[in-house]
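Written out below as structure tokens is the structure these notes cover.
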Amino acid sequence: MVTEGSGTLPASTPEATAAQAQSREAPRAAAAAPVPEDSSGEGVLYSVGPGVERAVRGQPYERSSDDPIYRPLRIFTRDPAESRLEGSVGLVNVPYEPLQPGPVGRVFEVDSVDGQLGVEYPRVDLDDPFLLIRQGRDPSPTDPRFHQQMVYAVCSTVYAAFKAALGRHLAWGFDRATTTPDEAVRLRLRPHARQEENAYYDKECGEISFGYFQAAHTVHGVNLPGGFIFTSLSHDIVAHEVTHALLDGLRAQFALATGPDVFAFHEAFADLVALFVRFSYEQVVQAAIRKSKGRIEKAEMLTEIAKQFGQARGLERALRSAIDVGDDSTAPKLYDSSLEAHELGSVLVAAVFEAFATVFRRKSAVYLRLATNGTGELPPGEIPADLQTVLARTASKLASQFLTMCIRAIDYCPPVDVEFGEFLRAIVTADRNLVPDDPWGYREAWIDAFRRRMIYPKHVSSLSEDALVWRSAATPVPPIMALSFAKLQFEGDPGRAASVGELRRQACALGTVITDPRHLEAFGLARPDDPALGGDRLELPCVHSVRSARRIGPDGQVVFDLVAEVTQRRIVQARDGAPSFDFYGGSTIIIGPRGGIRYVISKSVRNQERLEQQRAFISGHRGRAFWARDAQGRLGPSHQAFKLVHTPPPEATSAS
Ligand SMILES: [Zn+2]
Numbered sequence: 000m001v002t003e004g005s006g007t008l009p010a011s012t013p014e015a016t017a018a019q020a021q022s023r024e025a026p027r028a029a030a031a032a033p034v035p036e037d038s039s040g041e042g043v044l045y046s047v048g049p050g051v052e053r054a055v056r057g058q059p060y061e062r063s064s065d066d067p068i069y070r071p072l073r074i075f076t077r078d079p080a081e082s083r084l085e086g087s088v089g090l091v092n093v094p095y096e097p098l099q100p101g102p103v104g105r106v107f108e109v110d111s112v113d114g115q116l117g118v119e120y121p122r123v124d125l126d127d128p129f130l131l132i133r134q135g136r137d138p139s140p141t142d143p144r145f146h147q148q149m150v151y152a153v154c155s156t157v158y159a160a161f162k163a164a165l166g167r168h169l170a171w172g173f174d175r176a177t178t179t180p181d182e183a184v185r186l187r188l189r190p191h192a193r194q195e196e197n198a199y200y201d202k203e204c205g206e207i208s209f210g211y212f213q214a215a216h217t218v219h220g221v222n223l224p225g226g227f228i229f230t231s232l233s234h235d236i237v238a239h240e241v242t243h244a245l246l247d248g249l250r251a252q253f254a255l256a257t258g259p260d261v262f263a264f265h266e267a268f269a270d271l272v273a274l275f276v277r278f279s280y281e282q283v284v285q286a287a288i289r290k291s292k293g294r295i296e297k298a299e300m301l302t303e304i305a306k307q308f309g310q311a312r313g314l315e316r317a318l319r320s321a322i323d324v325g326d327d328s329t330a331p332k333l334y335d336s337s338l339e340a341h342e343l344g345s346v347l348v349a350a351v352f353e354a355f356a357t358v359f360r361r362k363s364a365v366y367l368r369l370a371t372n373g374t375g376e377l378p379p380g381e382i383p384a385d386l387q388t389v390l391a392r393t394a395s396k397l398a399s400q401f402l403t404m405c406i407r408a409i410d411y412c413p414p415v416d417v418e419f420g421e422f423l424r425a426i427v428t429a430d431r432n433l434v435p436d437d438p439w440g441y442r443e444a445w446i447d448a449f450r451r452r453m454i455y456p457k458h459v460s461s462l463s464e465d466a467l468v469w470r471s472a473a474t475p476v477p478p479i480m481a482l483s484f485a486k487l488q489f490e491g492d493p494g495r496a497a498s499v500g501e502l503r504r505q506a507c508a509l510g511t512v513i514t515d516p517r518h519l520e521a522f523g524l525a526r527p528d529d530p531a532l533g534g535d536r537l538e539l540p541c542v543h544s545v546r547s548a549r550r551i552g553p554d555g556q557v558v559f560d561l562v563a564e565v566t567q568r569r570i571v572q573a574r575d576g577a578p579s580f581d582f583y584g585g586s587t588i589i590i591g592p593r594g595g596i597r598y599v600i601s602k603s604v605r606n607q608e609r610l611e612q613q614r615a616f617i618s619g620h621r622g623r624a625f626w627a628r629d630a631q632g633r634l635g636p637s638h639q640a641f642k643l644v645h646t647p648p649p650e651a652t653s654a655s
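No gaps in the numbering here: position 646 of the sequence shown is 645 in numbering that gives the first Met the number 0, and each next residue is one more.
What follows is the structure, encoded as structure tokens:
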């Protein structure tokens with residue numbers, strides 16, 4: 000959607016931002032604090048994890064009816080090395096919120112300190128009337144205040160996409176001490192963190208560090224040899240990093256590299272979000288459509304990831320690409336669990352992008368036929384401007400749908416140890432739930448693209464949609480009436496959790512059911528004295544999160560569910576010279592509006608085969624980097640895992 004800003008630049012409003020901003024939110028009312036109906040099992044049968052309460056500690060600003068809808072801000076839609084004629088400077092509408100200088104809003108705070116030089120730059124005041132009129136500061140690589148504006152604008156846009164897709168406010172995956180209970184927990188963004196060729200989400204500190212560095216002496220593109228490159232000015236890198244943080248908030252256990260796919264999934268998902276968000280800048284899409292004559296898979300402007308970063312490091316190309324096939328006759332890169340995390344992640348990115356390109360071809364065929372007297376064969380030369388526009392709009396809208404599908408699928412992923420094949424099952428289940436008929440064959444395109452790369456889910460009888468959809472509990476579990484929609488309390492809006500007390504009530508209601516001995520196994524859990532554990536110690540099952548999910552389909556249909564994560568830690572004993580380590584099981588539970596259990600996506604804590612796979616992975620060459628032995632010889636996760644995954648091994652040429 001394009002609306003005219005007050006300058007000459009048309010403003011892009013990502014669909015998710017529009018959906019979020021246009022809905023007027025209810026004024027805040029004092030939330031009742033219900034007493035848990037039965038919390039006697041807490042600490043005895045189950046525990047309630049810190050993630051449950053986080054849902055009320057990171058709430059974004061609620062727009063009142065007098066507030067503006069958007070704050071238009073200028074950004075680099077790719078990076079500073081691209082041509083302005085191709086839309087490299089864009090105006091994006093971010094959801095309005097009042098801002099302190101920094102900027103500091105409700106969910107993000109930008110830190111103006113240069114960690115390398117130890118100096119504090121002036122903080123940008125985006126509520127300054129002069130900057131409001133000028134739609135923020137001029138995009139400039141040399142202006143630290145523009146860097147602050149850039150990270151704020153891009154992170155807010157990505158946040159809005161998550162919020163719209165899930166129909167609820169997001170919670171972060173970290174805690175931070177606050178002076179008052181009502182104070183928001185914010186993700187800190189550090190656009191000048193230090194001089195290094197890296198940018199990473201730091202879960203321990205609750206911040207994203209964007210490094211800056213001098214380009215190599217041999218560079219490509221329009222970069223200056225030895226010139227400074229700021230990762231905070233790369234749209235892709237900013238979107239990628241904030242996605243790591245948002246995904247960590249949704250699935251905290253994915254920060255544990257328990258298998259080859261877990262970090263590769265984090266990387267792939269972060270790249271996919273960066274890619275699809277870029278499609279919301281219509282000028283970029285239109286320029287790309289013009290150059291590629293509507294062949295989206297040939298549109299490098301849309302498929303390249305972090306181009307300047309790659310070129311400044313001496314590569315002739317972007318850091319990564321969403322395309323793994325040269326033309327139709329070339330076989331795609333296949334899934335191989337021995338690949339490095341980014342390499343393996345790129346297989347998933349390419350699969351999703353291929354599904355996107357397939358559906359785009361189907362949707363654009365009618366326009367091509369109309370423009371070519373029915374032949375569909377374009378004549379030489381530029382394609383007509385109207386055709387460019389309609390194809391660009393089709394691509395933007397479709398990218399927004401794919402972005403939404405990817406984000407929603409996270410709710411349908413297991414709580415621990417995710418595998419690529421499970422993401423496919425999550426996509427198919429979430430989408431079929433909302434859009435039972437699929438006239439454009441979206442799901443078929445996904446399944447085909449995964450199959451072509453040999454990304455197969457385990458334990459399914461075929462790759463048909465029916466076989467891929469997740470199942471309910473293996474043993475019948477009666478509806479949990481305490482979690483039916485009629486019993487839930489919200490703060491005015493089902494996307495906003497009512498209070499800590501209400502969330503604890505929900506967690507306890509779930510905890511009581513999952514720890515019923517008749518149901519334990521169905522939820523991937525076990526009793527401490529289970530002989531299958533071989534003497535390993537087992538902690539109490541932990542309710543990690545209970546969240547609402549309100550999804551709106553393309554035809555306006557609304558589906559409301561509760562999504563809960565339960566996990567259980569098994570402390571695997573040291574055996575035969577192999578060290579002790581933690582192994583997790585549990586399940587994601589999707590509960591319908593009447594309290595019925597719709598899906599249980601479980602990974603059993605008793606699964607010996609999976610345990611042996613984790614043991615092999617964490618002691619093998621790929622996993623070793625993310626696990627370290629402590630003084631007692633136990634293997635535990637290394638600190639700053641997201642920094643480690645972005646730090647290339649000496650022989651590798653790609654990072655971020
Ligand atoms: Zn990453």
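Cβ coordinates follow ideal geometry from the N, Cα and C atoms, glycine included.
Quick one: what does DSSP say residue i is sitting in, helix, strand or coil?
i, result
"Trp439", "coil"
"Gly500", "helix"
"Cys541", "strand"
"His168", "coil"
"Leu343", "helix"
"Lys486", "helix"
"Val557", "strand"
"Pro259", "helix"
"Arg62", "coil"
"Pro49", "helix"
"Ala640", "helix"
"Leu249", "helix"
"Gly104", "coil"
"Ala370", "helix"
For a test of your reading of the model: does the CB of residue i fall under 7 Å from any non-hydrogen atom of ligand 1? Yes or no.
i, result
"Val276", "no"
"Val346", "no"
"Ala238", "no"
"Asp243", "It is His, not Asp, that sits at residue 243 in the sequence shown. Result yes, Cβ under 7 Å from ligand 1."
"His234", "no"
"Val417", "no"
"Ala269", "yes"
"Val434", "no"
"Val157", "no"
"Val644", "yes"
"Glu196", "no"
"Glu266", "yes"
Using a Cβ-Cβ cut-off of 6 Å (strictly less than) and excluding sequence neighbours within five positions of residue i, which residues of its own chain qualify?
i, result
"Ala573", "Ser579"
"Pro100", "Arg122, Asp124"
"Ala370", "Leu386"
"Ser155", "Val93"
"Leu44", "Thr514"
"Phe264", "Val417"
"Val112", "Glu119"
"Ala29", "In this prediction, Ala29 has a pLDDT of 41, which is less than 50 and means its spatial position is unreliable; nothing more can be read from the coordinates."
"Lys306", "Ala317"
"Ser46", "Leu539, Cys541"
"Gly594", "Pro478, Ile479, Met480, Leu482, Ser483"
For residue i, which residues of its own chain have a beta-carbon under 8 Å away from its beta-carbon, when the five flanking residues on both sides are left out?
i, result
"Arg27", "Low confidence applies to Arg27: its pLDDT is 45, below 50, so where it sits in the model is not reliable, and the reading given next is rough at best. The answer, listed in chain order, is Glu61, Glu490, Gly491."
"Thr393", "Phe359, Lys362, Ser363, Tyr366"
"Tyr280", "Ser11, Thr76, Gly86, Gly89, Val91"
"Glu203", "Phe173, His638, Gln639"
For residue i, is the classification buried or exposed, using 16 other Cβ atoms within 10 angstroms of its Cβ as the cut-off for buried?
i, result
"Arg407", "buried"
"Ile132", "exposed"
"Ser63", "exposed"
"Gln556", "exposed"
"Gly42", "exposed"
"Gly420", "buried"
"Lys457", "exposed"
"Ala267", "buried"
If I measure Cβ to Cβ from residue i and keep anything under 7 Å in the same chain, skipping five residues before and after, which residues do I get?
i, result
"Ile596", "Ser471, Ala472, Val476, Ile588, Ile590"
"Ser87", "Phe75, Thr76, Arg77, Glu81"
"Leu610", "Val571, Phe582"
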